[in-house]
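**Student:** Just dropping this structure here.
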Amino acid sequence: MYYLVAVLIRQQYWLSPFDQGYEVSVLTFKYGQRHDYEIDCAKDLVVHFNIKTHHIMNIDLGSIGGSALTDDLDVPKDRDLNEMNSEIPITYVPARNTIFLSYALALAEVERAFNIFIGVNALDYSGYPDCRPEYIEAFQKMGRLATKSGIEEKKQLQIHTPLIEMKKSDIIQAGTALGVDYSITHSCYDPISKGKPCGRCDACHLRLKGFMEAGTVDPLNYPKI
Numbered sequence: 000m001y002y003l004v005a006v007l008i009r010q011q012y013w014l015s016p017f018d019q020g021y022e023v024s025v026l027t028f029k030y031g032q033r034h035d036y037e038i039d040c041a042k043d044l045v046v047h048f049n050i051k052t053h054h055i056m057n058i059d060l061g062s063i064g065g066s067a068l069t070d071d072l073d074v075p076k077d078r079d080l081n082e083m084n085s086e087i088p089i090t091y092v093p094a095r096n097t098i099f100l101s102y103a104l105a106l107a108e109v110e111r112a113f114n115i116f117i118g119v120n121a122l123d124y125s126g127y128p129d130c131r132p133e134y135i136e137a138f139q140k141m142g143r144l145a146t147k148s149g150i151e152e153k154k155q156l157q158i159h160t161p162l163i164e165m166k167k168s169d170i171i172q173a174g175t176a177l178g179v180d181y182s183i184t185h186s187c188y189d190p191i192s193k194g195k196p197c198g199r200c201d202a203c204h205l206r207l208k209g210f211m212e213a214g215t216v217d218p219l220n221y222p223k224i
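Residues in the sequence shown are numbered from 0 upward in steps of one, following numbering that gives the first Met the number 0.
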């Protein structure tokens, strides 16, 4: 039996590896994000996919700040793709994926899991540096050097990034084929109330663009703009 720690954050993380023979243990983070409705979605998706183990870890990244997702800073709205890709956006959370993967690494070692899946994407990713292949490769190397299982047992940690080179439209199509219920997923950085997406932030624009290119309708209820 293989074991997996899946780092769950957003809509696109729920596309694999349920058909690959893994026993899935899901890890979700409550880190002071303004869009913490995603945690409720995570709980719903765990039930939807009949996953037995779901860890929710509390991290106070709000005490560090420095991001529109965790600090009193405005979330950029109504930007086109050129604007999104012009610089690393203010929605970047300092070292977030490094922090998340470090927690996942510790949990994986305790659970005797040597496969970590994370849904980073290097194409439709809004310029985040910790979503790049070279970053994942560097963290994987570090994880093999920094753990007891890696040194004493020579267990080779594998960090899987099945979505890293996929367009969002392809991710949506793949998720549909795997039975993902997108009505219980979440992407918005700045939800209006009770998780309702704003329809204007970068995440909403990229999600809507992905659904349009996939030739399907996003089931979420967006405000009329």
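By construction, the Cβ of each residue, glycine as well, lies at the ideal position given by its N, Cα and C atoms.
Looking only at C-alpha atoms, which of K166, A94, L60 sits nearest to A121?
**Tutor:** Locating residue 121 in the sequence shown gives position 122, where the first residue counts as 1. Checked all of K166, A94, L60; the closest Cα to A121 is K166.
**Student:** Nearest CA to the CA of T184: which residue from I191, I171, A176?
**Tutor:** Here residue 184 refers to the residue found at position 185 of the sequence shown. The candidate whose alpha carbon is nearest that of T184 is I171.
**Student:** Straight-line CA distance for A112 to I87?
**Tutor:** Residue mapping note: residue 112 aligns to position 113 of the sequence shown, counting from 1. Residue mapping note: residue 87 aligns to position 88 of the sequence shown, counting from 1. Their backbone Cα atoms lie some 33 Å apart in a straight line.
**Student:** Mark I45 as exposed unless 16 or more other C-beta atoms lie within 10 angstroms of its C-beta, in which case mark it buried.
**Tutor:** Walking along the sequence shown from the start, residue 45 turns up at place 46. First, the amino acid is wrong: residue 45 is Val here, not Ile. By the neighbour-count rule (16 or more Cβ atoms within 10 Å), V45 is buried.
**Student:** Going along the chain, which residues of its own chain have a beta-carbon closer than 8 Å to the beta-carbon of S101, five neighbours each way excluded?
**Tutor:** By 1-based counting over the sequence shown, the position of residue 101 is 102. Nothing listed; no residue qualifies.
**Student:** Contact criterion: CB-CB distance below 7 Å. Does L80 meet it with respect to chain C?
**Tutor:** Here chain C cannot be found, since the structure has a single protein chain.
**Student:** Applying the criterion that 16 or more other CB atoms from any shown protein chain within 10 Å of the CB defines a buried residue, is V109 buried or exposed?
**Tutor:** Your numbering for residue 109 matches position 110 in the sequence shown. Exposed: under 16 other Cβ atoms inside 10 Å.
**Student:** Between which two residues does the beta strand (DSSP E) containing F28 stretch?
**Tutor:** Walking along the sequence shown from the start, residue 28 turns up at place 29. F28 -> beta strand (DSSP E) spans 21-29.
**Student:** Around the C-beta of T97, are 16 or more other C-beta atoms found within 10 angstroms, so that it is buried, or is it exposed?
**Tutor:** The residue you call residue 97 lines up with position 98 of the sequence shown. T97 comes out exposed.
**Student:** Whole angstroms are fine: how far does the CA of N81 sit from the CA of S24?
**Tutor:** If you number the sequence shown from 1, residue 24 lands on position 25. If you number the sequence shown from 1, residue 81 lands on position 82. One C-alpha to the other measures close to 38 Å.
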